[in-house]
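*Asks:* Have a look at the structure that comes next, please.
Residue numbers (full-length UniProt numbering): 1 to 222.
Encoded structure:
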């Protein structure tokens with residue numbers, strides 16, 4: 001899979017299939033009420049908490065600031081989401097032997113990762129960052145992801161010394177069988193970012209969350 005996958009229509013679909021196992025691999029098996037899991041890339045998870053924290057069902061984009069010109073390719077090294085106090089280094093995530101997308105180790109739930117076969121954060125196209133909602137009986141890096149709202153900022157430090165600043169445009173909680181593949185992985189004219197984790201109701205039979213939380217953001221400063 002090439003780094004220019006987002007330029008075509010076929011590649012996003014292939015990525016979606018590969019990501020199907022990402023969420024399954026992201027599945028976290030714990031004991032007791034705190035059990036959690038991540039499901040297929042058809043749906044990237046969200047978690048169920050208090051109604052006041054629920055993301056908008058409509059996912060209507062809001063003005064998160066003017067989009068800016070894309071940045072050159074540069075490996076991301078860390079992510080900072082001040083609103084939810086989420087900070088982590090970023091590990092590259094590739095493909096497993098079965099063409100599923102790798103995910104950060106469940107034993108390190110506070111570790112986030114970026115899909116290295118897609119555009120790097122700041123480049124034109126949708127870059128994707130994955131993180132656990134929980135694991136090892138503790139909260140994960142994206143445990144509070146659903147609390148984000150349009151206008152909230154996400155900073156990605158890059159290996160070339162630059163920082164890509166994004167503003168959230170919308171947050172969606174979607175059922176996994178209604179995952180918006182085109183909206184998440186399809187072509188974009190500007191640099192965009194997707195943050196994905198698991199959540200919603202946890203099905204103890206399938207050991208998966210039933211929904212996904214997807215944060216959409218666009219580059220506003222470089």
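The C-beta atom is built at its ideal place from N, Cα and C for all residues, glycine as well.
Bear in mind that the values here come from a model prediction, so they are computed numbers and not experimental data.
State the Cα-Cα distance for the pair residue 140 and residue 69, rounded to the nearest angstrom.
*Replies:* 32 angstroms
*Asks:* Please go through the same chain and pick out, in chain order, the residues whose beta-carbon is closer than 8 angstroms to the beta-carbon of residue 107, but skip the five residues on each side of it.
*Replies:* 135 and 136
*Asks:* Can you list, in chain order, the residues of its chain whose CB lies under 8 angstroms from that of residue 90, leaving out five sequence neighbours each side?
*Replies:* 76, 77, 78, 79, 112, 113, 114, 129 and 156
*Asks:* Count Cβ pairs between the region 182 to 193 and the region 141 to 153 that sit closer than 8 angstroms; are there 3 or more?
*Replies:* No, because fewer than three Cβ pairs between the region 182 to 193 and the region 141 to 153 fall closer than 8 angstroms, the two stretches do not touch.
*Asks:* Comparing alpha-carbon positions, which option in 150, 102, 96 and 160 lies nearest residue 169?
*Replies:* 150
*Asks:* Express the C-alpha separation of residue 178 and residue 210 in angstroms, rounding to a whole number.
*Replies:* 11 angstroms
*Asks:* Suppose the cutoff is 6 angstroms on Cβ atoms and the five residues either side in sequence are ignored; what does the same chain contact list for residue 81 look like?
*Replies:* 154.
*Asks:* Quick check: the Cα distance between residue 117 and residue 133, rounded to an integer number of angstroms?
*Replies:* Whole-angstrom Cα-Cα distance: 23 angstroms.
*Asks:* Let me know if residue 176 comes out buried or exposed under the rule of 16 or more other beta-carbons within 10 Å of its beta-carbon.
*Replies:* Classification of residue 176: buried, given that the 10 Å Cβ count is 16 or more.
*Asks:* Indicate whether residue 142 and residue 197 have their beta-carbon atoms separated by less than 7 angstroms.
*Replies:* yes
*Asks:* As a quick exercise: from 205, 163 and 83, pick the residue whose alpha carbon is nearest that of residue 222.
*Replies:* 163
*Asks:* Are the CB atoms of residue 214 and residue 172 nearer to each other than 7 angstroms?
*Replies:* yes
*Asks:* Smallest Cα separation from residue 166: which of 200, 99 and 124?
*Replies:* 124
*Asks:* Please classify residue 205: is it buried, with 16 or more other beta-carbons within 10 angstroms of its beta-carbon, or exposed?
*Replies:* exposed
*Asks:* Is it the case that the Cβ atoms of residue 74 and residue 158 are separated by a distance below 7 angstroms?
*Replies:* yes
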